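Every letter in the sequence shown is one number past the one before it in UniProt numbering, and letter 248, counting from 1, is 248.
The C-beta atom is built at its ideal place from N, Cα and C for all residues, glycine as well.
Keep in mind that this is a model prediction, so the values were computed, not measured.
One structure is given here, and the rest of the page talks about it.
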Amino acid sequence: MLDSRKQELLHTLLQAEGYLSVDDLSQTLHVSEKTIRNDLKILDEWLQHYPDVQIIRKPSVGVYLAADPEVKKEIRRAVKPHPPEPQTRKLQLAKWMLEYDNVCTMQLLADTFYVSKSTINLELGDVEAWLARFHLDLVRKPNYGLRLTGGERDWRCALVETTRLLLERELPNLRTHPDLRFYESKVRELESAMEFRFTDHAILTLTLQFEITGKRIQQKKPVELSPDELSHLQAKREFALIRRMFPALEDSEIGYLTLQVLGAKVRVDEDVPSEQVEQVLQQINPESLVLARQMIREMARFLEPALLHDEELLSGLSLHLHSALHRLRYGRIEENPLIHEIKSLYRHTFEAMYAVTQELETEIGAPVPEDEVGFLTLHFQAALVRNQQTQPEPKRVLIVCSTGTGTAKLIQSKLRQHFPTLDIVKTTSAFDLQGDVETYNPHVLLSTIPLPSSSVPTLTVSPLLTPAEMRRIEQFLDQLQTDSATPQSSSTVLKSYLTEELTFLDVEGDRLSILGWLADQLHARGYVTAEYKESAVKRELLSSTAIGGEIAIPHGPLPCIRKPGIAVARLSKLIDWGGEKVRFVFMLAVPPVDPEQTKRLFQDLTALVDDTERRRELQQRLTATDFLHQL
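Now the structure itself:
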């Protein structure tokens with residue numbers, strides 16, 4: 001029996017129409033030339049079962065398997081390889097078409113991958129969608145065949161990313177292939193001259209970039225850069241470093257490799273202080289520091305003010321932007337394998353990040369794709385987790401007291417003495433209560449008088465705050481902390497934004513028509529400007545706002561919001577919403593006046609996603625009043 005490598009070698013020889021050099025075979029199979037020669041000797045013995053078949057060797061030319069076409073088919077059937085799982089085969093199919101770079105037929109693909117033409121036809125749809133991410137088109141012409149078309153830079157990016165994913169599945173160790181080992185040494189040499197170290201992902205990607213650049217040059221497939229672009233890259237220190245390593249390369253190829261290096265992800269050792277990272281970035285890329293500070297200021301409005309003082313966030317985000325800016329400006333695609341999980345688990349942070357990146361696009365003059373928004377989201381989510389671990393947010397307390405200033409001061413003093421972490425925002429009267437709740441957005445009301453029902457948790461105490469009442473307050477605050485960590489069955493903050501006039505039941509239409517209609521309803525009632533609709537549609541086309549649980553939360557930009565509100569539509573049937581099924585649409589027109597309020601709104605929406613029974617009840621309600629009551 002032949003092992004998988006020898007089977008692959010045999011199939012490569014069977015498919016070849018002429019001589020193949022040992023060097024070509026070693027690159028195809030990712031083994032040394034010595035291994036190829038040893039495997040050919042074993043194939044000679046195995047092929048003795050086929051008297052009319054011979055492996056012909058010609059010095060300085062290569063090897064060729066001479067056999068009748070029917071005998072070749074018989075051999076193929078005898079050593080049919082174990083089929084890879086579908087996702088791997090799709091990547092192999094994409095890589096084959098990128099390397100073949102010529103017109104091919106469905107039959108050739110079926111024969112190459114040992115599957116039926118119907119299987120190839122089925123899987124080509126996914127391959128076509130994958131390659132379209134790199135701006136490559138799969139052209140299909142009857143009686144002609146299939147061929148990929150696209151620019152050389154896009155072609156190389158697709159080939160690098162496809163090869164990288166296959167290597168991670170099949171050959172994670174670069175050092176098993178002599179050519180890759182050589183190019184990896186060049187990447188390491190380059191890294192030693194840099195201020196930062198490359199990530200493992202960047203090491204692999206750059207190694208492939210170097211190798212594939214060499215192959216494409218040999219195939220007479222040069223890359224082209226504009227004079228301005230090349231002039232800009234020639235001024236970079238990386239250009240000179242690559243020139244010394246590869247002196248025979250044309251300037252355009254060195255410029256191309258410089259571009260890849262500038263866009264590669266970098267890291268620092270964990271023991272390097274954040275201020276040292278900032279100092280280096282200030283010298284080599286001050287723009288990334290400026291943009292990082294700007295993004296943190298904006299995100300602090302959405303999330304929490306403590307982000308403004310997180311030095312680790314500033315250094316990490318600046319370092320990320322150092323390479324991301326080059327990728328974005330030159331259209332480099334960086335797939336985020338965790339994008340769906342990020343959108344699901346950290347929806348509030350993701351949506352805030354998406355809003356902020358709209359301004360970033362204007363600053364850098366390039367679009368920021370969904371995958372990159374996901375990478376940026378992780379930096380801020382990590383900062384939020386750090387802040388929760390080290391500095392739990394103090395509970396904001398509004399005291400309601402109608403017995404005089406002296407009593408109010410006594411209550412404040414006792415609370416501060418027993419609960420030093422509380423943030424006592426104000427002492428107010430029952431008359432001014434509603435206005436102060438809107439102004440200070442307290443977590444808790446402590447009142448010396450009975451109050452009507454309120455959306456804010458309320459505890460009534462005596463003006464003297466006896467020891468027993470102090471214990472009651474402590475238990476009350478502990479319970480609030482526990483409740484905030486678990487999903488609630490009642491959408492308190494969400495309901496505060498909803499009205500019967502903006503609640504619509506059994507709405508029909510597709511994704512964009514429903515989105516546009518809800519935007520019209522918000523505009524007609526003065527919640528948003530006329531521009532909100534177009535911007536909301538544009539936002540939806542960039543990235544689906546479905547969040548799971550048959551719920552979508554489309555929204556437009558903050559400048560288009562005149563007053564806070566949410567339009568909600570229950571659809572007459574499930575519809576496709578960017579790849580997910582949706583029945584409930586909450587169109588948000590909510591400015592981030594208070595980060596905690598916005599956070600609780602998204603907690604309410606997440607709780608609804610997780611509450612199947614409550615959604616089932618919402619589906620049965622017959623009137624807007626009953627629908628809102630069920631929420």
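Item	Value
A67, DSSP secondary structure in three states	coil
Distance CB(A624)-CB(F431) smaller than 9 Å	no
Check whether N387 and D310 have beta carbons under 9 Å apart	yes
Which listed residue (P51, E363, F350) has its alpha carbon closest to that of H379	F350
Close beta carbons around T112, own chain, < 8 Å, minus the five adjacent residues each side	Q15, W96
Distance between beta carbons of I203 and E224, contact taken as under 8 Å	Not really, about 27 Å apart at Cβ, beyond 8 Å.
Inter-residue spacing [alpha-carbon to alpha-carbon] between E355 and P557	Reading the sequence as shown, one finds Ala at residue 355 and not Glu. Approximately 7 Å, taken between the alpha carbons.
Rounded Cβ spacing between L98 and L65 (contact assumed at less than 8 Å)	No, L98 and L65 are not in contact; Cβ-Cβ is about 25 Å, not under 8 Å.
Alpha-carbon spacing of I120 relative to C104, whole angstroms	12 Å
Residue range of the beta strand (DSSP E) that includes E238	Per DSSP, E238 belongs to no beta strand (DSSP E); it is in the alpha helix (DSSP H), 237 to 245.
C-beta atoms of P559 and R539 nearer than 9 Å	no
Cut-off 7 Å between Cβ atoms - residues of its own chain near H418, not counting five sequence neighbours on either side	M470
Where the alpha helix (DSSP H) containing E8 begins and where it ends	4 to 15
Close beta carbons around S572, own chain, < 7 Å, minus the five adjacent residues each side	D506, V507, E508
Residues that DSSP places opposite E580 in a beta bridge	W577
Sequence-distant residues of its chain with Cβ nearer than 7 Å to V368 (five each side left out)	L328, T357, L360, E361
Inter-residue Cα distance where the pair is V537 and L319	33 Å
Contacts around E531, its chain only, beta-carbon distance under 7 Å, and the 5 residues preceding and following it disregarded	C560
Assigned secondary structure, H348 (DSSP; H/G/I helix, E/B strand, else coil)	helix
DSSP three-state assignment for H555, whether helix, strand or coil	strand
Residues that S447 bridges to, as DSSP identifies them	V400, T460
As assigned by DSSP and simplified to three states, the class of F198	strand
Contact check, L464 vs T428, beta carbons under 9 Å	no
Straight-line Cα distance separating V261 from A383	28 Å
Distance between A524 and K563 (C-alpha atoms, nearest Å)	13 Å
Contacts around H322, its chain only, beta-carbon distance under 7 Å, and the 5 residues preceding and following it disregarded	V266, L281, N285, S288
For Q133, the three-state DSSP class (helix, strand or coil)	Inspection of the sequence shows that residue 133 is occupied by Arg rather than by Gln. R133 falls in the coil class under three-state DSSP.
Endpoints, beta strand (DSSP E) assigned at A546	546 to 548
First and last residue of the uninterrupted beta strand (DSSP E) at F302	Note, F302: premise wrong, no beta strand (DSSP E); alpha helix (DSSP H) at 286 to 302.
Under the three-state DSSP convention, the category P487 falls into	Residue confidence for P487 is low, a pLDDT of 46 falling below 50, so the modelled location carries little weight; the figure read from the coordinates is stated next. DSSP places P487 in coil when its eight states are reduced to three.
Beta-carbon proximity of Q597 to V493, cut-off 9 Å	yes
Proximity of L131 and T163 at Cβ, strictly below 9 Å	no
Stretch-stretch touch, CB-based, cutoff 8 Å, three pairs: the stretch 60 to 75 with the stretch 39 to 52	yes
V585 burial status per 10 Å Cβ neighbour count (16 or more: buried)	buried
Per-residue DSSP class, three states only, for V585	strand
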